[in-house]
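In UniProt numbering, the protein residues as written are 1 to 292.
All residues carry an ideal CB built from backbone N, CA and C; glycine is no exception.
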Amino acid sequence: MVHEYNLLLVGRIGNGKSSTGNTILGRPEFSPRAACRVSRDDIMKYGTVRDDERNRLIHVVDGTGIGDAGKDAQLDKESLIARMNENLWSHVTELTAVVLVLKFGVTFTKQERVQVQAIKGLLGDDVMRRWGVIVMTYGDNFEKDNATSFETWCRDRRGEFKRLLEECDHRCVLFNNRNRTQDQVDRLFVLVDKIQCPYKKRYFDIRVEDDGLGGEEHHILNDKGLTNKGVTKNGTHPGLNGRRCPTQIGYWLQNLCCIKPRNNTRVGDERSVHITEYVELSLVYNQQKSGR
1 MVHEYNLLLV GRIGNGKSST GNTILGRPEF SPRAACRVSR DDIMKYGTVR
51 DDERNRLIHV VDGTGIGDAG KDAQLDKESL IARMNENLWS HVTELTAVVL
101 VLKFGVTFTK QERVQVQAIK GLLGDDVMRR WGVIVMTYGD NFEKDNATSF
151 ETWCRDRRGE FKRLLEECDH RCVLFNNRNR TQDQVDRLFV LVDKIQCPYK
201 KRYFDIRVED DGLGGEEHHI LNDKGLTNKG VTKNGTHPGL NGRRCPTQIG
251 YWLQNLCCIK PRNNTRVGDE RSVHITEYVE LSLVYNQQKS GR
């Protein structure tokens, strides 16, 4: 059985994100670039490799633009959402892991903190906890400067980097992109396999819609003829006698109780699918809001 993986690589320019993608794919698919060459017109790059020996089908997306450049080159959130829809979700419908590429030997500075916040702002506050894996590049420098193991080095960290490691349950691996050995890629996938469920495109769509920035439009019709289209800017709906719905998710859930099977089996089945999907989405959404 072939296991399929969709990896989104994010990281600041100069951290070795493109080289990490090349190491994972086993070929030079992505071209490293200098910060001065970053453009708002750059698109996310995509590469695929099939590893029959290990039964893996690996898709790698170089997440250009997601908190990876200096302040002047950053994209606004709406532009990032458009880029995600055009360049990422056109290739995949879910992400197995979000791989944050950091550079060994560089202090975890304000720029790195801003980058992590940009990723969370786009994909959700719990993205590192549930789907995050850290790749530390420049492993050759680590091997020269340290007599301890990488695991011991990680345990000895302090401050914000320690908190980031704890947040992603210490899913962190050392990469030497100058020596593209398979064992480091295998160690990465050991960590990726610990992630319990994928990040689905519809989670992203719900976040976008809740932020009022567009995205896919979802409709669910109850027996009162209500859809999410009627929700006003302050979160109320005329069909609910002006009662407030804090979010679109909240509105959908308030109306699930009104949905009843009809004589038409096809319609009833379709509504059952809607119920299952929106309950699942609501659980994910509420977890993100509560930080659990």
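Backbone CA spacing between residue i and residue j [nearest angstrom]
i, j, result
"Phe189", "Ile134", "12 Å"
"Ala118", "Asn141", "28 Å"
"Thr96", "Asn146", "32 Å"
"Glu166", "Leu100", "14 Å"
"Thr148", "Ile13", "28 Å"
"Glu94", "Glu86", "14 Å"
"Lys144", "Leu102", "18 Å"
"Phe161", "Gly139", "17 Å"
Beta-carbon gap between residue i and residue j smaller than 8 Å
i, j, result
"Asn15", "Thr137", "yes"
"Ala92", "His59", "Reading off the sequence shown, one finds Val at residue 92, where the question assumed Ala. Yes. Within cutoff."
"Leu88", "Val2", "no"
"Phe204", "Leu80", "no"
"Leu164", "Val106", "no"
"Thr64", "Lys77", "no"
"Cys168", "Arg129", "yes"
"Ile66", "Val185", "no"
7 Å CB neighbourhood of residue i in its chain, flanking five on each side removed
i, result
"Leu191", "Val133, Arg171, Val173"
"Pro32", "Ser18, Ser19"
Cβ neighbour criterion (16 or more within 10 Å) applied to residue i
i, result
"Arg83", "buried"
"Asp156", "exposed"
"Asp62", "buried"
"Glu112", "buried"
"Asn179", "exposed"
"Asp196", "A small correction: the amino acid at residue 196 is Gln; Asp does not occupy that position in the sequence shown. Classification for Gln196: exposed."
"Arg50", "exposed"
"Arg207", "buried"
Candidates the options: closest to residue i by CA position
i, options, result
"Asn176", "Ser79, Arg157, Met128, Phe104", "Phe104"
"Thr109", "Gly159, Asp51, Lys45", "Gly159"
"Glu53", "Arg207, Gln182, Gly139, Ile66", "Gln182"
Cβ-based neighbour list, residue i, same chain, cut-off 8 Å, excluding 5 preceding and 5 following
i, result
"Val127", "Val98, Ile119, Lys120, Tyr199"
"Tyr5", "Arg56, Leu57, Ile58, His59, Thr96, Ala97, Phe189, Val192"
Chain-order list of residues whose beta-carbon lies under 6 Å from that of residue i (same chain, five-residue window excluded)
i, result
"Arg187", "Val173"
"Phe150", "Leu174"
Any non-hydrogen atom of the ligand SAM closer than 7 Å to residue i Cβ
i, result
"Glu53", "As for the ligand SAM, it is missing from this structure, which has no ligand bound."
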